[in-house]
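Residue numbers (numbering that gives the first Met the number 0), protein chains in the order written: chain A, 0 to 340; chain B, 0 to 340; chain C, 0 to 340. The beta-carbon is built from N, C-alpha and C at its ideal position, and this holds for glycine as well. Just below is one structure, and these are the notes that go with it.
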Amino acid sequence: MADPRFFANAGPFALGELARRCGAEIGPGGDAGKRITDVAPLDTAGSEHISFLDNRKYVETFVASRAGACIVNAAMAAKAPAGMAILIAKDPYRAYAQVARAFYPSPPPEPGISERAQVAAEASLGEGCRVDAGAVIAAGAEIGRRCHVGPNATIGAGVVIGDDCSIGASASVSHALIGDRVILLPGARIGQDGFGFAMSPEGHLKVPQLGRVVIGDDVEIGANSTIDRGAGPDTVIGPGTKIDNLVQIGHNVQIGRGCVIVSQAGISGSTRLDDFVALGGQAGLTGHLKIGAGARIAAQAGVMRDVEAGATVVGAPAVSSAEFFRQVAALGRLARKKERE
Amino acid sequence: MADPRFFANAGPFALGELARRCGAEIGPGGDAGKRITDVAPLDTAGSEHISFLDNRKYVETFVASRAGACIVNAAMAAKAPAGMAILIAKDPYRAYAQVARAFYPSPPPEPGISERAQVAAEASLGEGCRVDAGAVIAAGAEIGRRCHVGPNATIGAGVVIGDDCSIGASASVSHALIGDRVILLPGARIGQDGFGFAMSPEGHLKVPQLGRVVIGDDVEIGANSTIDRGAGPDTVIGPGTKIDNLVQIGHNVQIGRGCVIVSQAGISGSTRLDDFVALGGQAGLTGHLKIGAGARIAAQAGVMRDVEAGATVVGAPAVSSAEFFRQVAALGRLARKKERE
Amino acid sequence: MADPRFFANAGPFALGELARRCGAEIGPGGDAGKRITDVAPLDTAGSEHISFLDNRKYVETFVASRAGACIVNAAMAAKAPAGMAILIAKDPYRAYAQVARAFYPSPPPEPGISERAQVAAEASLGEGCRVDAGAVIAAGAEIGRRCHVGPNATIGAGVVIGDDCSIGASASVSHALIGDRVILLPGARIGQDGFGFAMSPEGHLKVPQLGRVVIGDDVEIGANSTIDRGAGPDTVIGPGTKIDNLVQIGHNVQIGRGCVIVSQAGISGSTRLDDFVALGGQAGLTGHLKIGAGARIAAQAGVMRDVEAGATVVGAPAVSSAEFFRQVAALGRLARKKERE
Numbered sequence: 000m001a002d003p004r005f006f007a008n009a010g011p012f013a014l015g016e017l018a019r020r021c022g023a024e025i026g027p028g029g030d031a032g033k034r035i036t037d038v039a040p041l042d043t044a045g046s047e048h049i050s051f052l053d054n055r056k057y058v059e060t061f062v063a064s065r066a067g068a069c070i071v072n073a074a075m076a077a078k079a080p081a082g083m084a085i086l087i088a089k090d091p092y093r094a095y096a097q098v099a100r101a102f103y104p105s106p107p108p109e110p111g112i113s114e115r116a117q118v119a120a121e122a123s124l125g126e127g128c129r130v131d132a133g134a135v136i137a138a139g140a141e142i143g144r145r146c147h148v149g150p151n152a153t154i155g156a157g158v159v160i161g162d163d164c165s166i167g168a169s170a171s172v173s174h175a176l177i178g179d180r181v182i183l184l185p186g187a188r189i190g191q192d193g194f195g196f197a198m199s200p201e202g203h204l205k206v207p208q209l210g211r212v213v214i215g216d217d218v219e220i221g222a223n224s225t226i227d228r229g230a231g232p233d234t235v236i237g238p239g240t241k242i243d244n245l246v247q248i249g250h251n252v253q254i255g256r257g258c259v260i261v262s263q264a265g266i267s268g269s270t271r272l273d274d275f276v277a278l279g280g281q282a283g284l285t286g287h288l289k290i291g292a293g294a295r296i297a298a299q300a301g302v303m304r305d306v307e308a309g310a311t312v313v314g315a316p317a318v319s320s321a322e323f324f325r326q327v328a329a330l331g332r333l334a335r336k337k338e339r340e
Numbered sequence: 000m001a002d003p004r005f006f007a008n009a010g011p012f013a014l015g016e017l018a019r020r021c022g023a024e025i026g027p028g029g030d031a032g033k034r035i036t037d038v039a040p041l042d043t044a045g046s047e048h049i050s051f052l053d054n055r056k057y058v059e060t061f062v063a064s065r066a067g068a069c070i071v072n073a074a075m076a077a078k079a080p081a082g083m084a085i086l087i088a089k090d091p092y093r094a095y096a097q098v099a100r101a102f103y104p105s106p107p108p109e110p111g112i113s114e115r116a117q118v119a120a121e122a123s124l125g126e127g128c129r130v131d132a133g134a135v136i137a138a139g140a141e142i143g144r145r146c147h148v149g150p151n152a153t154i155g156a157g158v159v160i161g162d163d164c165s166i167g168a169s170a171s172v173s174h175a176l177i178g179d180r181v182i183l184l185p186g187a188r189i190g191q192d193g194f195g196f197a198m199s200p201e202g203h204l205k206v207p208q209l210g211r212v213v214i215g216d217d218v219e220i221g222a223n224s225t226i227d228r229g230a231g232p233d234t235v236i237g238p239g240t241k242i243d244n245l246v247q248i249g250h251n252v253q254i255g256r257g258c259v260i261v262s263q264a265g266i267s268g269s270t271r272l273d274d275f276v277a278l279g280g281q282a283g284l285t286g287h288l289k290i291g292a293g294a295r296i297a298a299q300a301g302v303m304r305d306v307e308a309g310a311t312v313v314g315a316p317a318v319s320s321a322e323f324f325r326q327v328a329a330l331g332r333l334a335r336k337k338e339r340e
Numbered sequence: 000m001a002d003p004r005f006f007a008n009a010g011p012f013a014l015g016e017l018a019r020r021c022g023a024e025i026g027p028g029g030d031a032g033k034r035i036t037d038v039a040p041l042d043t044a045g046s047e048h049i050s051f052l053d054n055r056k057y058v059e060t061f062v063a064s065r066a067g068a069c070i071v072n073a074a075m076a077a078k079a080p081a082g083m084a085i086l087i088a089k090d091p092y093r094a095y096a097q098v099a100r101a102f103y104p105s106p107p108p109e110p111g112i113s114e115r116a117q118v119a120a121e122a123s124l125g126e127g128c129r130v131d132a133g134a135v136i137a138a139g140a141e142i143g144r145r146c147h148v149g150p151n152a153t154i155g156a157g158v159v160i161g162d163d164c165s166i167g168a169s170a171s172v173s174h175a176l177i178g179d180r181v182i183l184l185p186g187a188r189i190g191q192d193g194f195g196f197a198m199s200p201e202g203h204l205k206v207p208q209l210g211r212v213v214i215g216d217d218v219e220i221g222a223n224s225t226i227d228r229g230a231g232p233d234t235v236i237g238p239g240t241k242i243d244n245l246v247q248i249g250h251n252v253q254i255g256r257g258c259v260i261v262s263q264a265g266i267s268g269s270t271r272l273d274d275f276v277a278l279g280g281q282a283g284l285t286g287h288l289k290i291g292a293g294a295r296i297a298a299q300a301g302v303m304r305d306v307e308a309g310a311t312v313v314g315a316p317a318v319s320s321a322e323f324f325r326q327v328a329a330l331g332r333l334a335r336k337k338e339r340e
């Protein structure tokens, strides 16, 4: 179903092979040899496609689906329509991800350095790298193996990048140390000066920004997001953290492992997020805060105080989600009451 | 009045010719042969300039203006100062746009491919295209006639672009099918991976993003805006929709015809906007919503529920505009009352 | 302490020399000849480092610090631990900035034009400029002395740039007149079309944007920020104004001297800021407003009315900060009260 102009399908696969790859169990009566040619959504899938059900909202679509196979949890398996093979998984969405990665893997880039790229003689590139036209890699940069530096991307002097990274089109990186398997989407800006000025009516004096950006393994950073380098300490993005598009990370921010930061959120200088924090779209955090592990910050929240581990906060100024919805309800009642009076 | 370093004036024009081009009527006593050399704002226009009045706030400026001609609606015509010729139009701003386009047309680009551009042998370019230095066009891309690919822009493999499009400096496009007369401003990011992960404490697993971005005719997309490709279905931007700078459009979003999306707004995955929806600056929509035709979402609104066709919603969480202003008033009264107690 | 891969240290300096450079006084018993090799944060500084104390929160860290020297105000000097030399300054952060600039100056760029840059024959470049690989400078552009045009940056036709400017990687500039010592960080977008359309169900008609962007001396503009050119009047950024990342400035906006605009803020068309206005992160201003000198707009504020000089406004819709906190308190009480009933 994926447009072959853009995606190369590595299938077909036997159902049993897909079950093995995603750690699922074939449901009663399923044929491990059944040929599956592609993934597809429940409503458009055909008899050689595999789909998934992850949301009760779509049970009707599931029951009516013509998919040849579907990944579901144990509770849903019995509702499968006749002729549909079932793969039973605890987390059907994760299993789907693995199946989709089987059909559409991300192979290492085809190695080669474009004649139109500029790679400084003093830069080092590991084996198997691809550097596209217009890319500029400055002196002293060290890039690992099998990295892809996209068209018109810029890697500044002294930057260190690990193995199997992808630097998107027109992205720029300076003053940074980057781990393995890091993905920067197009236009991401890593390592530029933080916003540091000694303010005064005589003129705001620029303060040298003397830190770096340190990015752990398996991080993804979205298109046109901006991560400033530290002012003295480093700005740190922990391993496995995923950052969406148009996100701003200020200088000296420290983000732990496995955090998820949705589009257009912003984190002011020196704030620290512990592991597995989730930050909703357009949320904003002021500077010098501590956000505990596993905290959840709602979309558009405005956080001005520390947040405890595991807490969920909503609104601006942000409060607990229970308090927020009480406030919303109370204000709604008040507005109606005043109207009746 | 426009700086000739940046803008080439195609005038002068006779007043009658301008009236014809914008569908306006010359007011009583107006001379169709009057020579008009340029457009200009009411307060700085001189005797050979044409201006417009579209806002009651500026009636005094109009009455004092020395503009040789002015586009107004019928009600305002009688207030024109002596010596000013009048063009009467139902929609003076639209008529002004047409007159300004007469003076400053957008001709097709001067054809030619820079020696410093990289165009893959397997890409196709229609007649009359201009490709600037540093642009990179990958294999299998198909670009229509009279398109302008700006400096350092990147067009990915297999991308299809219609006729008379303009791709701004350092913009990037991948996995996309684009109609005619589409304008991408500098730094726009089209077609990169959506933000799709199967979340887990063991590590967030990247889900292949197998859809495309499909953009209709006459769409404009602002500087540094980001439009992710679909996860399986496509991300769709309907014909005539105008998107401002720094806007985020998530994967699988479907936007109808003629929508207007102001700067820094964000739309989460799988939300659908029907035709002619207006979205104010910094507004945010969560995922999987339906926004009916003609709905108006205020600036900074936070929308978490479906919005009916024609409705206006304000605030976060967004409510009807009447309800929002009742809430604001009630809260103001409450704060004052508590203070007095 | 700064990573020598990225930063070149111009030290060491004698303490007396540093005192002279930042206008501070050496405290009692201090040795003007003491050798200082670097700046460092209080908690990691050693005996040859200089640090600063600017925030009461860090007094304990100061008392325990092993820094060889520290910049403080007069009130704090007596608390210095034994062996620490003291520099006394009215504004310790500003003095620190000057000391850090002594260690890490910003010398003019190493002159030279990359063979991989494209500079039009009809463009002019002052002496001492550096133009990196992939940069594209169009005909008629006039660039002053000692400017650095970074890799893959684009300077459009007719643009005028003063002396000692820095244009970041992949930034783009068109239709603009730029002063001296201006810094554009990577991906900044200056001078593209404003968002101007004559809206109509028949189709939104693009209105030619015939103004420029005029940027004063000593302005800094953050990564991926967007500044649209005027629609007829110019968009103006006054001298000494500092703009953070991902900020949107609409067409015809006029910003005075010394304003500070934090990340992800947005200013709609034709709004005017007088001198020294401060705008918090993610704040939004609607169009056609006047914001008086020295006004402070809180983070995430939504401003829909003019703001008086010197006022502080908070919230959306924005009110005085006193009123905002009264409202927050009143709403909190109301929510608790309703709960108890």
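Annotation: isoleucine 85 (chain B) to arginine 55 (chain B) spans about 17 Å, alpha carbon to alpha carbon.
Secondary structure of phenylalanine 51 (chain A) (DSSP, three-state): strand.
Counting only Cβ-Cβ distances below 9 Å, tyrosine 57 (chain A) has no contacts in chain B at all, with the closest Cβ about 11 Å away. The Cβ atoms of alanine 298 (chain C) and valine 306 (chain C) lie no closer than 7 Å to each other.
Below the 9 Å Cβ cutoff, chain C contributes Leu204, Lys205, Val206, Pro207 as neighbours of arginine 100 (chain B), in chain order. Residues of chain B with a Cβ closer than 7 Å to the Cβ of threonine 153 (chain C) are, in chain order, Pro150, Asn151, Ala168, Ser169. Going by C-alpha positions, glycine 268 (chain B) is about 34 Å away from glutamine 326 (chain C). A buried status is given to lysine 33 (chain C), since no fewer than 16 other beta-carbon atoms sit within 10 Å of its beta-carbon. Per DSSP, the beta-bridge partners of glycine 301 (chain A) are A:Gly283.
Where alanine 18 (chain C) is concerned, the enclosing alpha helix (DSSP H) starts and stops at 14–21.
For glycine 231 (chain C), the CB contacts under 6 Å within the same chain, skipping 5 residues up- and downstream, are Leu209, Gly210 in chain order.
Between valine 206 (chain C) and isoleucine 189 (chain C) a beta carbon distance of about 20 Å is seen, past the 8 Å cut, so the two are scored as non-contacting. Just measuring C-alpha positions, the residue of C:Asn244, C:Gly82, C:Gln247, C:Asp243 sitting nearest glycine 26 (chain C) is C:Gly82. When A:Asn244, A:Gln281, A:Asp217 are compared, the shortest CA-CA separation from glycine 255 (chain A) is found for A:Asp217.
Residue range 234–236 is occupied by the beta strand (DSSP E) that includes threonine 234 (chain C), with no alpha helix (DSSP H) assigned at that position. For the segment 234–249 of chain C, the residues whose beta carbon sits under 7 Å from a beta carbon of chain A are, in order, Gly239, Lys241, Asp243, Asn244, Leu245.
Secondary structure of glycine 331 (chain B) (DSSP, three-state): helix. Contact between the segment 91–104 of chain B and the segment 129–138 of chain B is absent: fewer than three C-beta pairs spanning the two stretches fall below 8 Å. Here isoleucine 296 (chain A) really is in contact with valine 312 (chain A); their C-beta atoms are around 6 Å apart, less than 8 Å.
Under DSSP, no beta-bridge partner is assigned to histidine 203 (chain B).
Between the segment 237–248 of chain B and the segment 257–276 of chain B there are three or more C-beta pairs closer than 8 Å, enough to call the two in contact. Residue-level contact check: proline 110 (chain A) does not touch chain B, since none of the beta carbons of chain B fall below 7 Å from its beta carbon.
Rounded to the nearest whole angstrom, the CA to CA distance from leucine 272 (chain B) to glycine 286 (chain C) is 25 Å. Per the DSSP secondary-structure output, threonine 153 (chain C) pairs in a beta bridge with C:Val135, C:Ser171. At least 7 Å separates the beta-carbon of leucine 278 (chain A) from that of isoleucine 220 (chain A). A check of alpha carbon separations from serine 105 (chain A) across A:Pro200, A:Ala321, A:Ala328, A:Phe5 identifies A:Phe5 as the nearest. With contacts defined by Cβ atoms closer than 7 Å, serine 165 (chain B) and serine 169 (chain C) do not form a contacting pair.
For threonine 311 (chain A), the uninterrupted beta strand (DSSP E) run begins and ends at 311–313, by DSSP. Per DSSP, the unbroken alpha helix (DSSP H) holding alanine 101 (chain B) starts and ends at 91–102. The beta-carbon distance between glycine 193 (chain C) and aspartate 233 (chain C), rounded to whole angstroms, is 11 Å. This is too long to meet the 8 Å contact definition. Under the three-state reduction of DSSP output, valine 276 (chain B) falls in the coil class, being neither helix nor strand. For valine 135 (chain A), the nearest CB of chain C lies under 7 Å from its own CB, placing it at the interface with that chain. Between the C-alpha atoms of threonine 270 (chain B) and glutamine 191 (chain C) there is a straight-line separation of about 29 Å. Counting along the chain, the unbroken alpha helix (DSSP H) around valine 62 (chain A) starts and ends at 58–62.
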